[in-house]
Each structure stands twice: as structure tokens, then as C-alpha cells.
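Going by the working numbering, the sequence shown opens with residue 1293, and the numbers climb by one from there. See below for the structure under consideration.
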Amino acid sequence: FDAATYEVWVPLLRGGTAVLAPPADLDAALVRRAVTEQGVTCLWLTAGLFRLLAQEDPGCLRGAREVWTGGEAVPGAVVRRVLDACPGLTVVDGYGPTETTTFATRRAFRSGDALPAVLPIGRPLDNTRVYVLDAALQPQPPGIPGELYIAGAGLARGYAGRPGATAARYVADPFGPPGTRMYRTGDIVR
């Protein structure tokens, strides 16, 4: 599962500790204990689990500094409920297909920030480029929908043993250095 790269490597490479959930159904009580008893400060939660925790007990994240969520659209009202219950918490909406090594973009939200109905995917991470292009691979003006393409250091090389699928999704990057490629996400954004 690609999110494990964030969950395991980020704390370990920064001198922290990775806390693994026990082999049981994850619920708000278990998350609360991990934050309060084991000192968990940063978490990654799928959008579905984040919504469930916000419904069950939005305060279960109190004491954490940052929660990343994503994998599908995240409602702004759900984030508001968690931020209201957890002063000092930052909720980050992370977007990125597996082909971009976990995340490609992020948008952080804090208490007091305006929250739209559905969170935007935000801006690219370091060493990542994103383009909103039309069918002719021309950049779309701000606010005009187009397909999202992603390029940069975290881009996979392609699909093992599937040259046709690789050629269809990994195309030459006309905006990057010579020989670089970008990934066609198939997602329409603006």
C-alpha cells in the first residue's frame, strides 16, 4: 500500500517513531489512545476513515499536530468538525495516484481557514510538477477544466511488463528537461 511510504519512512528518516495499529478494527477509541498514550503526532488516514472518525469522535485526534487524508474527495464540513474539536491540528488533503509515489499535491487546512464543500487538491509537493492540459497537451488557463498531468522526481517508470499501458499513460513532458515524462492521471481538474 503506497501510503505506507509516508507512514513508515517519514518518521524513521526524521528520527521519529512509527506506531503501528494493533491487528483490530481501527476506531476512534484506538486512535485516541495512540495519540494520547503513545504520543502519535502525525497520521495518515484514508478519506473514508477520516470521515468515520469525524462522525464517531472528532476529538479523538486532539493532541496530534498533523493529519493527512485523501484517496478520494474529502468534504469540507468533515474537516471543519475535526478542526473545531482539535485546536492546533492541521489537516492536509493529499492527492496522488500510486504512479506518483504516494502524494503529488497537498493543501493544508487549519482552524479558521475557509473550507469549501469539497477540499481542493492543492499545490504540488517539492520536486513535483503538475499541469492542467487540454487534449492537444496545451496548458489550460486558470479556472478552465483540463486533464491533470504529473511529472517530477517521484514519478514511476511505468508498468512492469506492460509496455502498451506504460506508453498510454507516461508521455513525453514538453515542459520539463529533455527526456522527462509526465503521467496522465485521467482526472479532470481546474
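Heads up, the beta-carbon is just placed ideally off N, CA and C, and yes, glycines get one too.
Nearest residue (CA-CA) to ASP1385, options VAL1371, PRO1379, GLU1391 and CYS1378: VAL1371
Three-state secondary structure assigned by DSSP to ARG1415: strand
Buried versus exposed, by CB contacts within 10 Å (16 or more), ILE1442: buried
Extent of the continuous beta strand (DSSP E) run through VAL1359: 1358–1362
Nearest candidate by alpha-carbon position, reference LEU1335, set VAL1323, LEU1344 and GLU1329: VAL1323
Delimiting residues of the alpha helix (DSSP H) encompassing PHE1342: 1339–1348
Anticipated Cβ contact below 8 Å, GLU1348 with ASP1319, distance rounded: 7 Å
Per-residue DSSP class, three states only, for GLY1368: helix
Residue of VAL1327, ARG1476, ASP1317 and LEU1440 minimising C-alpha distance to ALA1310: VAL1327
CB of GLY1471 within 7 Å of CB of LEU1407, strictly: no
For ALA1457, the first and last residue of its enclosing alpha helix (DSSP H): 1455–1461
Where TRP1301 falls, given that 16 or more other Cβ within 10 Å makes a residue buried: exposed
As assigned by DSSP and simplified to three states, the class of GLY1351: helix
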